[in-house]
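Visitor: According to this note's numbering, the sequence shown is numbered sequentially starting from 5.
The C-beta atom is built at its ideal place from N, Cα and C for all residues, glycine as well.
What follows is a structure written as structure tokens; I'll ask about it next.
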Amino acid sequence: MAGSKDGAARALDAVSRIVREARMEQDADGARRAVARLTAECMGYRAAALGIIDSDGLLKFTVFGEAPNCQEARACREAPTRAPDGSWISAPLAGIGRFIGTLIGYGHGTGTFDAEDLRIHARLCDSVAVILEAQMARANLVETMDRDAVTGLYNRKHLVKRIHEEISRAERYGGRFALVFLDIVGMNDINASFGYGMGDAVIEAVASALRSSFRGSDVAARFGDDTFAVLLPGADKPQGQIVANRISRVAAGNPVASDGVRMQGPDMEWCVVSYPTDGSTCDALLAARNMGP
């Protein structure tokens with residue numbers, strides 16, 4: 005595709021544009037989508053597929069254009085590779101001491117790519133890897149800052165942010181969501197009678213009950229010292245009440261132990277508010293929770 009010095013220069017200019025625009029993205033997912041799209045558009049590929057290693061060690065692909073299921077390209081992890089018929093090229097994305105993914109370019113037919121195209125594609129991948137690794141590190145830092153240190157659940161700050169996002173989505177596309185709030189009954193008495201170690205164990209037990217009771221799209225958070233919340237996208241108030249009852253039963257039904265002492269699982273008080281019935285803003289929804297179930 006490069007074809008000449010002028011063609012190679014244009015390709016390198018395209019690489020610069022891809023890197024520049026991808027760097028402007030604010031989050032890792034946005035950067036991945038931008039890289040796939042810009043690679044296809046700027047490099048003149050029929051399609052581009054960006055694969056990033058997930059937590060299970062598998063390549064999770066973001067695709068722009070009509071990309072064939074080319075297993076040979078997806079398996080290229082060690083060195084830049086060109087298809088024997090010149091229909092695709094692939095190069096690894098190398099982070100600091102580790103493989104983070106691969107970027108595949110698909111041509112418009114056989115004989116599309118030559119050795120010079122592969123060299124330029126590999127150069128693109130070297131630059132893209134730096135951007136994506138930085139975005140991933142930033143995302144991990146944000147994730148850590150949005151987590152509660154004791155339970156590993158999201159914190160109040162993250163939940164409020166997600167509520168605003170759900171409201172914006174509902175205003176644009178229509179929809180609803182429910183918020184479940186749960187308080188541990190008698191937390192001060194538990195700390196006074198059994199010690200703060202038992203109090204932490206109770207909090208962790210409630211967090212475990214939350215994890216076992218929601219869908220992948222739901223957001224569970226520690227909202228306060230002894231208050232928890234679950235955001236249920238797409239749910240109405242009756243559905244939220246079902247979730248609240250389930251969490252309460254699980255929490256109460258599992259004894260808690262600390263330093264050789266056991267106690268019955270805690271009782272929970274809860275309420276459910278829903279958008280837009282109980283409020284159309286985050287502040288209104290949080291205020292409505294004090295009205296009870």
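#1: For the segment 188 to 203 and the segment 117 to 125, state whether three or more C-beta atom pairs, one from each stretch, are separated by less than 8 Å.
#2: How would you call L62, buried or exposed, if buried means at least 16 neighbouring beta carbons within 10 angstroms?
#3: At the level of alpha carbons, what is the spacing between A18 and V132?
#4: Quick one, are the C-beta atoms of V210 and A255 less than 9 Å apart?
#5: Rounded to whole angstroms, what's the CA-CA distance from D31 to A143? Just pull it up for me.
#6: Are the CB atoms of R160 and R226 within a distance shorter than 9 Å?
#7: May I ask you to verify whether the segment 97 to 114 touches the segment 77 to 87, counting CB pairs closer than 8 Å and requiring at least 3?
#8: Out of L157, A13, I171, which one is the CA nearest neighbour of Y279?
#9: Go through its chain and collect everything with a Cβ distance to R266's Cβ below 8 Å, but skip five positions before and after it.
#10: Are the CB atoms of A40 and P84 nearer to each other than 9 Å?
#11: At what residues does the alpha helix (DSSP H) containing F65 begin and finish?
#12: What's the call for S221, buried or exposed, on a 16-neighbour Cβ count within 10 Å?
#13: Hey, does S284 have any beta-carbon neighbour from chain B nearer than 9 Å?
#14: How about S91 and T116: do their beta carbons lie closer than 9 Å?
#15: Determine the closest residue to G178 out of L290, P237, A292, with distance taken between C-alpha atoms.
Guide: In this structure, then:
#1: no
#2: exposed
#3: Approximately 12 Å, taken between the alpha carbons.
#4: yes
#5: If you take the alpha carbons of D31 and A143, they lie about 7 Å apart.
#6: yes
#7: yes
#8: The shortest C-alpha separation from Y279 is found at I171.
#9: Scanning its chain for C-beta atoms nearer than 8 Å, with the 5 sequence neighbours on each side dropped, one finds around R266 the residues P259, V260, in chain order.
#10: Judged by beta-carbon spacing, P84 lies beyond the 9 Å limit of A40, meaning their Cβ atoms are not closer than that value.
#11: Counting along the chain, F65 sits inside no alpha helix (DSSP H); it lies in the beta strand (DSSP E) bounded by residues 63 to 69.
#12: exposed
#13: The structure shown has no chain B; it contains just one protein chain.
#14: Yes, the Cβ-Cβ distance between S91 and T116 is below 9 Å.
#15: P237
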